[in-house]
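Engineer: If you want my numbering, it's the position in the sequence shown, counting the first as 1, plus 111.
Built from N, CA and C at the ideal position, the CB exists for glycine as well.
Mind having a look at this structure? Questions to follow.
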Amino acid sequence: MGYSIVQKIIKNHLVSGEMKTGEEIALKIDQTLTQDATGTMAYLQLEAMEIDRVKTELSVAYIDHNTLQSGFENADDHRYIQTVAKKHGLKFSRPGNGICHQVHLERFGVPGKTLIGSDSHTPTAGGIGMLGMGAGGLDVAVAMGGGAYYITCPKVIKMNLVGALSDYVSAKDVILEVLRLLGVKGGVGAVIEYAGEGVKTLSVPQRATITNMGAELGATSSVFPSDENTYKFLKAQGREEDYTPLSADSDAVYDAEYTIDLSALKPLAACPHSPDNVKIVSELSGMKIDQVCIGSCTNSSLSDMLTVAAMLKGKTVHPDVSLSISPGSKQVYTMLAECGALADLIAAGARILECACGPCIGMGFSPKSAGVSLRTFNRNFLARSGTADASVYLVSPEVAAASAVAGVFTDPTTLGSAPKIALPERFTINDNLIELPASVEEAANVVVERGPNIKPIPKGVAPAKNLECELILKVGDNITTDHIMPAGAKILPYRSNVPKLSEFCFTVCDKEFPARAVAKGGGVILGGQNYGQGSSREHAALVPLYLGVKAVIAKSFARIHMANLVNFGIAPITLKNEADYDLIAEGDKIYIEGFADAIKDSESAMLINKTSGKKIPLVLSFSSRQREILLAGGTLNYTKAGAK
Ligand code: MIC
Ligand code: SF4
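Dropping the structure here:
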């Protein structure tokens with residue numbers, strides 16, 4: 112039996128475990144990346160583990176999320192990351208160099224290698240045939256120290272692409288179609304592998320748009336083959352020596368298979384407030400809009416920007432619409448300037464933002480009250496834009512540009528023939544904003560600068576013998592880490608300051624939660640399906656830990672968040688019977704006898720709802736490594752105790 116691409120990469124990196132779906136496996140990690148919003152925690156943990164120098168082939172620290180600097184906080188964090196990177200052997204991508212995933216694809220991604228990043232969109236690298244996975248900062252720190260990365264060996268879903276995209280239909284529509292097909296839980300426990308004749312019609316940046324948003328499926332990763340288009344892209348980046356071909360064996364076996372006819376696709380939009388709430392744009396045509404934002408790690412490549420520039424050339428953005436454009440990287444920005452397309456964007460009235468995450472993470476550009484915002488981004492979770500009652504639609508750059516001019520939702524296929532944008536023969540290469548680390552000899556003299564915004568990480572605690580506490584919060588299905596630990600311009604500056612962050616925990620769902628958690632001395636949270644989907648931010652575990660959360664009980668968990676909970680010693684427990692969700696209410700007193708013992712070696716435990724007297728069976732499905740980590744009160748304690 113042959114291998115899929117995913118299996119080939121896993122096989123080449125397997126450190127322990129068996130390559131069998133559902134088994135825990137450990138992978139050797141070749142490259143890591145961090146961004147500033149999760150990076151400070153990752154490096155504080157790297158320091159706490161006393162790792163002097165990174166042991167990966169390449170580790171890069173990017174600054175792209177918190178670039179507003181409305182106070183000293185972000186600037187402090189930037190300087191901390193810059194100095195810690197220099198000292199510990201990492202490359203440092205300075206603010207202004209671009210969004211981590213876009214820059215990594217351009218300058219560092221290598222087919223067939225493994226990459227983990229403290230950002231859920233790390234699978235973007237799958238566009239170049241790399242196995243990229245989002246992880247918590249602590250897991251990234253462990254990988255930087257040469258430790259393996261543990262995942263559940265994924266299922267492999269084959270997405271067969273046939274045909275070719277029509278005019279004004281683009282890569283974004285492909286991934287929106289996949290989201291329509293599979294939903295935001297449809298990729299949990301799986302890697303999506305793209306195959307078929309249609310693959311050849313897609314450039315690396317188009318493929319990267321698709322793998323990027325695979326994160327919204329809950330997938331562990333998404334990956335494309337490495338072929339002549341990959342070679343062309345790497346050559347244009349002056350990196351042809353990084354090319355290796357990679358494809359699935361013809362007799363590879365997949366866990367599931369779907370076919371998408373690219374020629375049949377129409378422009379699509381993900382409607383509020385979930386990336387899988389997909390409709391055809393023509394059904395939304397004519398709806399009045401207030402704002403358009405183009406950019407983010409999903410759609411900020413040179414070809415996306417050139418398409419938008421060609422569509423806006425000689426036109427003016429509608430007076431009722433505010434249009435922001437954030438190019439994905441300095442390379443994209445520079446090339447837009449060199450060819451004159453930037454002038455076309457400016458002339459049309461676009462508000463050009465720096466090449467960073469910007470509005471995607473709510474750093475400015477919040478829509479007006481009850482505003483309708485069209486964004487080429489990847490997430491439209493409630494309140495993520497910074498305006499709680501805004502309606503955010505996720506669309507392609509083509510739909511965004513057409514609608515920005517018209518002032519209403521517009522299907523671009525009604526506009527005649529589309530501009531033809533080809534990949535350049537050669538990109539403009541200038542890595543002057545990538546700072547190199549100090550040599551081993553010089554490293555000792557590098558002083559790590561820590562501003563007052565950088566506060567210590569809360570320490571995990573070992574589980575109690577018997578757990579007796581209150582259910583301090585009950586939430587529904589598909590709770591995102593944006594609900595648990597919101598971001599945005601007001602909150603993001605405190606990503607290195609857990610005590611301050613805790614004031615905002617879960618406030619999207621319940622304004623009183625932080626105060627209640629403190630008053631009750633912590634407790635347990637009850638969630639529905641897919642608890643913790645979305646961002647990789649480990650703050651969504653760290654902050655509840657700080658507030659005294661001992662366990663989260665849910666119908667099911669999203670992969671990265673579940674790993675983060677374990678890393679910080681909060682037990683993620685599932686309900687044996689989903690219907691029992693209705694048997695516990697907020698404020699109920701709960702009791703789990705033999706809690707620590709159950710974590711040690713039992714697959715089950717019984718929760719007694721002391722308020723109602725009902726008994727609720729629980730499932731504790733952990734690997735033996737996860738059990739040891741939970742018993743130690745988290746990974747930091749566990750590694751300090753000498754385990755690997
Ligand atoms: C996001 O898109 O939500 C983020 C901001 O990039 C996060 C990381 C973070 O919260 O810092 C992610 O996707 O992991
Ligand atoms: Fe940045 Fe948005 Fe991409 Fe997250 S999804 S890395 S915030 S651009």
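1) Taking 7 Å as the cut-off, does the CB of Arg648 come closer than this to any heavy atom belonging to the ligand SF4?
2) Who are the near neighbours of Leu201 in its chain, counting only those whose CB is closer than 7 Å to its CB and skipping five residues on each side?
3) Using only the alpha-carbon positions, how far apart do Lys755 and Gly258 sit?
4) Specify the secondary structure class of Cys471 as computed by DSSP and reduced to three states.
5) Under the assumption that Thr409 contacts Ile532 (Cβ atoms under 8 Å), give the Cβ distance between them as a whole number of angstroms.
6) Restricting to Cα atoms, I'd like to know which of Tyr369, Ala512, Leu179 is closest to Ala421.
7) State yes or no: is the C-beta of Leu612 within less than 8 Å of the C-beta of Val654?
8) Would the C-beta of Asp230 count as close to the ligand MIC, meaning under 7 Å from any of its heavy atoms?
9) Between which two residues does the beta strand (DSSP E) containing Tyr154 stretch?
10) Say the cut is 7 Å; is the CB of Thr149 nearer than that to a heavy atom of the ligand MIC?
11) Verify the contact flag: Glu184, CB atom, against every heavy atom of the ligand NAP, threshold strictly below 7 Å.
12) Between Gln213 and the ligand MIC, is the CB less than 7 Å from at least one heavy atom?
13) For a minimum of 3 consecutive residues, which ranges assigned as the beta strand (DSSP E) are wholly contained in the stretch 517 to 545?
14) Going straight from the alpha carbon of Leu239 to that of Ser337, what length do you get?
15) In its own chain, which residues sit with a C-beta less than 8 Å from the C-beta of Cys616, not counting the 5 before and 5 after it?
16) Between which residues of its own chain and Ala454 is the CB-CB distance below 7 Å, once the five residues before and five after are set aside?
17) Would you check if the distance between the CB atom of Leu742 and the CB atom of Pro574 is smaller than 8 Å?
18) Identify which residue in Tyr260, Met244, Leu242 has its Cα closest to the Cα of Asp250.
19) Does the Cβ-Cβ distance between Leu328 and Leu293 come in under 8 Å?
20) Any C-beta of chain D sitting closer than 8 Å to the C-beta of Asn340?
21) Going by CA-CA distance only, name the one from Pro728, Ser647, Thr487 that's closest to Thr331.
22) Measure the C-alpha to C-alpha separation of Ala665 and Ile710 and round it to an integer number of angstroms.
23) Can you list, in chain order, the residues of its chain whose CB lies under 7 Å from that of Thr320, leaving out five sequence neighbours each side?
24) Could you tell me if Lys122 is buried or exposed, where buried requires 16 or more neighbouring beta carbons within 10 angstroms of its beta carbon?
25) What residue ranges within the stretch 357 to 406 form continuous beta strand (DSSP E) runs of no fewer than 3 residues, ordered along the chain?
26) Kindly give me the distance between the Cβ atoms of Ile727 and Asp691, rounded to whole angstroms, as I take these residues to be in contact under 8 Å.
27) Considering Cα atoms alone, identify which of Val302, Ile227, Ile174, Gly245 is closest to Ser115.
28) Distance, Cα to Cα, Gln402 vs Ala467?
29) Can you name, in chain order, every residue of its own chain whose Cβ lies under 8 Å from the Cβ of Asn489, other than the five neighbours on each side?
30) Looking at the ligand SF4, does it come within less than 7 Å of Asp176, judged from the CB to the closest heavy atom?
31) In the structure shown, what three-state DSSP assignment does Met422 receive?
32) Does DSSP classify Thr225 as helix, strand or coil?
33) Do you know how far the Cα of Leu413 is from the Cα of Lys343?
34) Within 7 Å: the Cβ of Gly406 and any heavy atom of the ligand MIC?
35) Buried or exposed: Lys197, going by 16 or more other Cβ atoms within 10 Å of its Cβ?
Structural biologist: Let me lay it out:
1) For the ligand SF4, not one heavy atom lies less than 7 Å from the Cβ of Arg648.
2) Apart from the 5 residues on each side of it in sequence, Leu201 sits with its Cβ closer than 7 Å to the Cβ of Val165, Ser170, Val171, Ala172, Pro548 in its chain, given in chain order.
3) Residue confidence for Lys755 is low, a pLDDT of 46 falling below 50, so the modelled location carries little weight; the figure read from the coordinates is stated next. The straight-line gap separating the alpha-carbon atoms of Lys755 and Gly258 is approximately 7 Å.
4) Helix at Cys471.
5) Incorrect: roughly 17 Å between the Cβ atoms, too far for contact.
6) It is Ala512 whose Cα lies nearest to the Cα of Ala421.
7) A contact, by the Cβ cut-off of 8 Å.
8) At least one heavy atom of the ligand MIC is nearer than 7 Å to the Cβ of Asp230, so yes.
9) Taken as a continuous stretch (DSSP letters only), Tyr154 belongs to no beta strand (DSSP E), being part of the alpha helix (DSSP H) at 147 to 159.
10) Checking the Cβ of Thr149 against the ligand MIC gives yes.
11) No copy of the ligand NAP occurs in the structure displayed; its ligands are the ligand MIC and the ligand SF4 alone.
12) Taken from the Cβ of Gln213, every heavy atom of the ligand MIC lies 7 Å or farther away.
13) The stretch 517 to 545 contains no whole beta strand (DSSP E) run of 3 or more residues.
14) The sequence shown places Ile at residue 239, not Leu. For Ile239 and Ser337, the distance between alpha carbons rounds to 6 Å.
15) These residues qualify, in order along the chain: Ile595, Met596, Phe624, Pro625, Ala628, Val654, Pro655, Leu658.
16) The beta carbon of Ala454 sits closer than 7 Å to no other beta carbon from its chain once the five residues preceding and following it are set aside.
17) Yes, they are a contact pair.
18) Between Asp250 and the set Tyr260, Met244, Leu242, the nearest pair of CA atoms involves Tyr260.
19) Closer than 8 Å, so yes.
20) In the displayed structure, chain D is absent; only one protein chain is listed.
21) Put simply, of Pro728, Ser647, Thr487 the residue whose alpha carbon is nearest the alpha carbon of Thr331 is Ser647.
22) So the alpha carbons of these two residues sit roughly 16 Å apart.
23) The residues are Ala282, Lys283, Ile286, Thr409, Asn410.
24) So Lys122 ends up on the exposed side.
25) Runs of the beta strand (DSSP E) lying entirely within the stretch 357 to 406, each at least 3 residues long, are 367 to 372, 379 to 381, 389 to 391, 402 to 405 in chain order.
26) Confirmed, Cβ separation roughly 5 Å.
27) Ser115 has its Cα closest to that of Val302, out of Val302, Ile227, Ile174, Gly245.
28) Computed Cα separation, rounded: 19 Å.
29) Same-chain partners within the cutoff: His232, Asn323, Met324, Ala326, Glu327, Pro386, Ser407, Cys408, Thr409, Cys471, Leu505.
30) Position check: residue 176 holds His in this sequence, whereas Asp was assumed. Under cutoff, so the answer is yes.
31) Taken through DSSP and simplified to helix, strand or coil, Met422 comes out as helix.
32) Per DSSP, reduced to three states, the secondary structure at Thr225 is strand.
33) The straight-line gap from Cα to Cα measures roughly 15 Å.
34) Between the ligand MIC and Gly406, a heavy atom-to-CB distance of less than 7 Å is absent.
35) Per the 10 Å Cβ criterion, buried.
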